[in-house]
Every structure is written in C-alpha cells, then in structure tokens.
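Heads up, the sequence shown is in UniProt numbering, so the first residue is 1 and it goes up one at a time. In this text, a Cβ means the ideal position worked out from N, Cα and C, and glycines have one as well.
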Amino acid sequence: MEPHFSSNTLPPDHFLSQPRPDSTANATTLGSVDTTTLAAHDFDVDNRSGFMPPQEPLGRLPVQWEAWEAVLDVAIQDRLQLGEKVDQSQEEKDKSSHWRARVRELPLLPTTDLKSSEIVLRRAHIVLAWIMHFYVHSLPLDNDIKIPSPITIPLLQVSNYLQLPPVLTYSDDVLYNWKSKSNSTTMPHLNDLQSRTLFTGLGDEEEFYLTSVRIELRGVEALSLMRSTMDELFVSDEIAVKRITSYLTRLAKVIDELSNLLMTVRHGCDPDIFYNKIRPWFKGADSDRRPWTFEGLDREEAEGLEVPTELSGPSAGQSSLIHAMDIFLGVVEYSHSEEITGSTTPSSTSEISHSSTRPLSTSYSSTTERQSFLARMQLYMPRHHRNFLNHLRSTTRPLRQFVVNNTCADPDDARNTALLDAYNQAIVALKGFRDKHIILVSLYIVGPARRASIRTRDEIGGGGEGTGETSDLKGTGGTNLVKFLKDVRDGTKGATIRMT
C-alpha cells in the first residue's frame, strides 16, 4: 500500500508537512511548493512505472469515511444489475432498490480532512464516482436520474480538490485501480496485478482494465526514450543526431509492442459481454438519453459548488501516455485538427522542400474558441499529468522542428536521411497503433451494436439488417466514433515528412 504521510508521522519542518497547495490557485505563479505526492515535482511521472504509481494505490479510506466504502462493498458483493437489463429477476430489482435507498440515507460526510493527502483524495474520488455510476446505471430506464446529496456534495468537493470531473475517469479504473496478487510492496509488475474494483465481477472486465495497465507499464520505456531525445535536442550536434536517430528507431519498436499488447485484450474479454454487460456502466451524462440531476447543490454545505458540465466517463482517450507520444512526435495538429476535433487546422502540410529554410508551424491558433477533443480528454487526467503534457508541449526545441531543420539544411547527408527515416518510422508505428484500436472498436463496439440492433428489430418484428443503430455510434464526448478514429488515424499518417 502506498504510504500515507501526515503531520503525525513527519517532523513539522519536513517539506511534505507543508500545507497542501490550493487546488484552485496557480501554484507556479504563487511560488508554492507542490508536496501533494512524493513525485509531484516530476509531474507524478515515475522513471520506473510511468504514469502509474510506483506503489500499490490506497485500498481503503480511513475510518471517518467507512460509510462510503461499506456501501460500495455492498454494491459489488450484491452484483447489482444494469437497469437496462430486460430479464432481471424480482430479487435483482429489489437488491438494487434497497441499495439505492441505503445510498440516499448516507450521512453527509465532510471532506476537509481528505485534503491532507492526494493519495486519500484519489481513493475518495474512486469510491464516490463508482457509487454514483452504480446508482445511475442500476436505475430502471423509466426513472429520472437524481444523484442524492450524500454523493453529490462530497464527490463535487473531492473533484474540485483534485481538479477532476465528478465522474469515473481512466485514472479511476486503470491507474489507481490495481493491487498486487502476491501482496508485494515492490514496483508493479505485468504478471502480478489484479483490478481492485469491478462493476460485474467478471474476468472480462478485469482483462479490459489490465490491458491498459500493461500498456502503461510497457510505455515506461517510451517515456525514457522521449526524455533522452529531449536531452539531446538541447545539444543538437552531430553526435546528438546519431543518438536521436537511435532513440526514434527504438521508440518505433516500443510502439509496435504497445500495439501488440492492445490486441491481447481479445484473449480474456469477450466482445458481446463487454458491449452488453460492461460498457454501459461507464456511460457518462453526455451519452445518456436522460439528464443527470445533482441534488443538494442548494444546501449550505454545497456553497461554491457548481452544476458539473464535464461528464463523459472513462476512456482510453484519457491516457496521458498516448497524448505524450502525440505531442512529442509533433503530430497533434495533424491527428487532431479542426475537422476532427473542433480545434484550428494549421495551414502547413507534411511536405518540405529541399530549399526550405523555415520549419513547419507546430502551433495552434490562439483564436479558436472551441476546445479540441484532445484538450477535453486532458481535463479527465490527473492534474500532475496534465501539467506534464503542458511542459512537454512548451519545449523550445521540438523534435519535429529539429528533424525538418536538419533535413532541409543538408538533405543529402546520410545522417539526416537516417534521422528522417527513424522519425517517420515512429509516426508509422503510432499510426499502426491506431489501426489496431480501430480493429478493436469494430470488434467490441460496432459488431456487438449491430447484433444488438438486429435482435431488437427481430423482437419487435421490424426485420431489416439492423444497421441503423450503428451508423452513428458515439464515443466519449459525443464523437462519431468510427469516423473520428479513422480521421485521427489518417491524420497521424499524414504527419510523416516527405521530401519534395
């Protein structure tokens, strides 16, 4: 279990005993030291475990908040069923109804003391968000969705402290939702992990989460290669060119391995079970036909809280690892342009001339008023990881610029040719990762959705091929899922640099 440091266990002059920075203030501007985690100064990105914590996440809240843990335990033990399940027994309906009544009767627990530890806050967000999703999605389809104040108020408060939306996120069900099978206190290892919390208790659900966990851990080498490359970019001599070429060649191989890991989900997660029994639990308000009402916001205890607007639910699109590779390789403006995401499309292309003296533009327009999908998904990441991406984005010596400059300066130099080839290999590997993702979306969402549509049409005697329900499948944030993924994939491919 990751240690919980407090003023009771550390001397008062220790830097970790300093007050937790105000989450609503700009700590950099104020000059305060972020001591919320041991690795906060490194954006909570560990050299050994990447975006995952190097030690097992907290498994239970302190006793003051045991009521939340207890009610979540019951939901898991009773195997609450989805409200949309058509063949529920009366016993299953009664279990869900009684459990929701228990949630409504919870005491309104204060959250101020949670602020002393980022680790405890993360656990509180997991517990409260999981309770909310159990509550919302176990409701019968003809019931209004009204989230009771004993969940609304603390969830919104905890989310404000963490600067996260009050909904399940990728960090809740992947990054901080694991434990060691062997009770080891050492670093997380691929074959010694299991998920701590599941909606269904099914191995299929656990395999879905653990596939992402394995990708995160294998991605540690990618982060290391990125770090080494950025170090060399500040040198930018002939030796640096050679080293960067080597790092990019290796990065392409690592990305290929991530693609292969992505496909291993098929070994333990059945597509129809995922689509019909697991995926509905993830759904956020923006993909629900019924509006979500957060009760209790008119109470005195809710002072300063606002009705939430970001409620998309967890998605692999919230993985900081993939975003980091996009930013590092300089493909964001190609893979996530206005036509795809709502941000502004740069006027540059991926072609460069031998006579070019100026590198391609890599900046977004400052006039856009609509957030891109990329930026929206970053709102669902732990704030330290968002800061890491911002730091990566703000480098004064971007990799793509370096590759273009060297290629334009002397396109006949073998070292520059090798550098360009290695860079393009990494882009192609990232495009391949997105190819594999599209395959899985077809297997786990498009196919089951089509089969479900056919069954529904048959049951009501409508006949037909049942394709109407799948032509406009929505992903996280309301995107047209298949078109969006294909556009991002094609945009990634378009980021390769071609000499003209």
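Could you give the DSSP three-state label for isoleucine 145: helix, strand or coil? As a working note, residue 145 is residue 145 in the sequence shown. Correct three-state label for isoleucine 145: strand.
Delimiting residues of the alpha helix (DSSP H) encompassing lysine 493: Residue numbering aside, residue 493 sits at position 493 when the sequence shown is read from its first letter. From DSSP, the alpha helix (DSSP H) with lysine 493 extends over 481–493.
In its own chain, which residues sit with a C-beta less than 6 Å from the C-beta of histidine 437, not counting the 5 before and 5 after it? One-based indexing of the sequence shown puts residue 437 at position 437. Correct list: empty, nothing qualifies.
N-terminal and C-terminal residue of the alpha helix (DSSP H) that serine 319 is part of: Residue mapping note: residue 319 aligns to position 319 of the sequence shown, counting from 1. From DSSP, serine 319 is part of no alpha helix (DSSP H); its letter is neither H nor E.
Three-state class that DSSP yields for serine 182 in the structure shown: Position 182 of the sequence shown, counted from the start, is the residue given in the question as residue 182. In this structure, serine 182 counts as coil in the three-state DSSP scheme.
Is alanine 222 closer than 8 Å to glutamate 232 when the C-beta atoms are compared? Along the sequence shown, one-based indexing puts residue 232 at 232. Along the sequence shown, one-based indexing puts residue 222 at 222. Contact flag unset, no.
What are the start and end residues of the alpha helix (DSSP H) that includes tryptophan 292? Reading the sequence shown from its first residue, position 292 is the one you call residue 292. It is not in any alpha helix (DSSP H) - tryptophan 292 instead sits in the beta strand (DSSP E) that spans 292–294.
Identify, in the order they occur along the chain, each residue of the same chain with its Cβ nearer than 7 Å to the Cβ of threonine 496, setting aside the five sequence neighbours on each side. Here residue 496 is taken as the residue at index 496 of the sequence shown, counted from 1. So the qualifying residues of the chain are Ser350, Asn424, Ile427, Val428.
Spatial neighbours of glycine 447 in its chain, beta-carbon cut-off 7 Å, leaving aside the 5 residues before and after: Stepping through the sequence shown from its first residue, residue 447 is reached at position 447. Within the same chain, glycine 447 has close Cβ partners Pro271.
Using DSSP with H/G/I as helix, E/B as strand and the rest coil, what is methionine 381? The residue you call residue 381 lines up with position 381 of the sequence shown. DSSP places methionine 381 in coil when its eight states are reduced to three.
Between the Cα of isoleucine 255 and the Cα atoms of Pro188, Gly219, Asp288, which residue gives the shortest distance? What you label residue 255 is simply residue 255 of the sequence shown in a count that begins at 1. Isoleucine 255 has its Cα closest to that of Gly219, out of Pro188, Gly219, Asp288.
In angstroms, rounded to a whole number, what distance separates the CA positions of aspartate 204 and leucine 440? What you label residue 204 is simply residue 204 of the sequence shown in a count that begins at 1. What you label residue 440 is simply residue 440 of the sequence shown in a count that begins at 1. About 14 Å.
Can you tell me whether aspartate 412 is buried or exposed, with buried defined as 16 or more other CB within 10 angstroms of its CB? Within the sequence shown, the letter at position 412 stands for residue 412. With fewer than 16 other Cβ atoms within 10 Å, it is exposed.
Under 8 Å, with one C-beta from each stretch per pair, do the stretch 287–294 and the stretch 168–187 reach the 3-pair mark? no
Which residues does DSSP list as the beta-bridge partners of aspartate 44? In the sequence shown, the residue the question calls residue 44 occupies position 44. BP columns for aspartate 44 are empty, so no partner.
Would you tell me roughly how many angstroms separate the C-alpha atoms of residue 502 and serine 394, rounded to the nearest one? Outside the displayed span of the chain (1 to 500) sits residue 502, for which this structure offers no information.
In chain order, what residues of the same chain have a beta carbon less than 8 Å from the beta carbon of leucine 419, not counting five sequence neighbours either side? Taking the sequence shown and counting its residues from 1, the one referred to as residue 419 is at position 419. Contacts found: Val241, Ile244, Thr245, Leu248, Val403, Asn406, Thr407.
Spatial neighbours of leucine 262 in its chain, beta-carbon cut-off 6 Å, leaving aside the 5 residues before and after: To locate residue 262, count along the sequence shown from 1; it is residue 262. Same-chain partners within the cutoff: Lys436.
Which runs of the alpha helix (DSSP H) at least 4 residues long sit entirely within the stretch 375–454? Give them in chain order. 383–393, 399–409, 414–441
Give a single yes or no on whether proline 398 has its beta carbon closer than 7 Å to a heavy atom of the ligand COA. The model on display carries no ligand, and the ligand COA is accordingly not part of it.
Within 8 Å, strictly: CB atoms of isoleucine 126 and threonine 211: Residue mapping note: residue 126 aligns to position 126 of the sequence shown, counting from 1. Residue mapping note: residue 211 aligns to position 211 of the sequence shown, counting from 1. In this structure, threonine 211 does not lie closer than 8 Å to isoleucine 126 by Cβ.
Segment limits, alpha helix (DSSP H) that includes serine 287: Numbered from 1 along the sequence shown, position 287 holds the residue referred to as residue 287. Serine 287 -> no alpha helix (DSSP H), and no H or E assigned at all.
Where threonine 496 falls: helix, strand or coil (DSSP): In the sequence shown, residue 496 corresponds to position 496, counting from 1. Reduced to three states, the DSSP call for threonine 496 is coil.
Let's test the definition: count the other Cβ atoms within 10 Å of the Cβ of alanine 101 and tell me whether it reaches 16, buried, or not, exposed. Working through the sequence shown from its first residue, we reach residue 101 at position 101. Exposed, by the Cβ-count rule.
For glycine 50, list the residues DSSP reports as bridge partners. Position 50 of the sequence shown holds residue 50. Answer is Asp46.
In terms of alpha-carbon separation, which member of Leu485, Gln157, Tyr209 lies closest to aspartate 172? As a position in the sequence shown, residue 172 is number 172, starting the count at 1. Among Leu485, Gln157, Tyr209, the Cα nearest to that of aspartate 172 belongs to Tyr209.
How is serine 372 classed by DSSP in three states: helix, strand or coil? Here the question's residue 372 lines up with position 372 in the sequence shown. Coil at serine 372, not helix or strand.
Backbone CA spacing between alanine 27 and arginine 383 [nearest angstrom]: Here residue 27 refers to the residue found at position 27 when the sequence shown is read from its first residue. Here residue 383 refers to the residue found at position 383 when the sequence shown is read from its first residue. Residue placement at alanine 27 cannot be trusted, given a pLDDT of 41 that sits under 50; the coordinates are not used to answer.
On the CB-based measure, 16 or more other CB atoms within 10 Å of its CB, does phenylalanine 234 come out buried or exposed? What you label residue 234 is simply residue 234 of the sequence shown in a count that begins at 1. Phenylalanine 234 is exposed by the Cβ-count criterion.
Mark threonine 456 as exposed unless 16 or more other C-beta atoms lie within 10 angstroms of its C-beta, in which case mark it buried. By one-based count along the sequence shown, residue 456 stands at place 456. Looking at its Cβ environment, which holds fewer than 16 other Cβ atoms inside 10 Å, threonine 456 is exposed.
Closest to isoleucine 119 by CA distance: which of Pro54, Glu257, Met377, Leu58 is it? Taking the first residue of the sequence shown as 1, we reach residue 119 at position 119. When only C-alpha atoms are compared, the closest one is Leu58.
Going by DSSP, what residues sit across from serine 195 in a beta bridge? Position 195 of the sequence shown, counted from the start, is the residue given in the question as residue 195. Looking at the DSSP assignment, serine 195 forms a beta bridge with Trp178.
Top-ranked residue by Cα proximity to phenylalanine 199, from Lys277, Tyr170, Val158: As a first step, residue 199 must be located in the sequence shown, where it is residue number 199. Of Lys277, Tyr170, Val158, the residue nearest in Cα terms is Lys277.
When burial is assigned at 16 or more other CB atoms within 10 Å of the CB, is leucine 164 buried or exposed? Numbered from its first residue, the sequence shown carries residue 164 at position 164. With 16 or more Cβ atoms within 10 Å of its Cβ, leucine 164 is classed as buried.
Inspect the beta-carbon positions of glutamate 69 and arginine 60 and report whether they are closer than 8 Å. For the purposes of this step, residue 69 is taken as the residue at position 69 of the sequence shown. For the purposes of this step, residue 60 is taken as the residue at position 60 of the sequence shown. Yes.
The alpha helix (DSSP H) that contains isoleucine 278, what's its start and end? Residue mapping note: residue 278 aligns to position 278 of the sequence shown, counting from 1. Element bounds for isoleucine 278: n/a, residue is neither H nor E.
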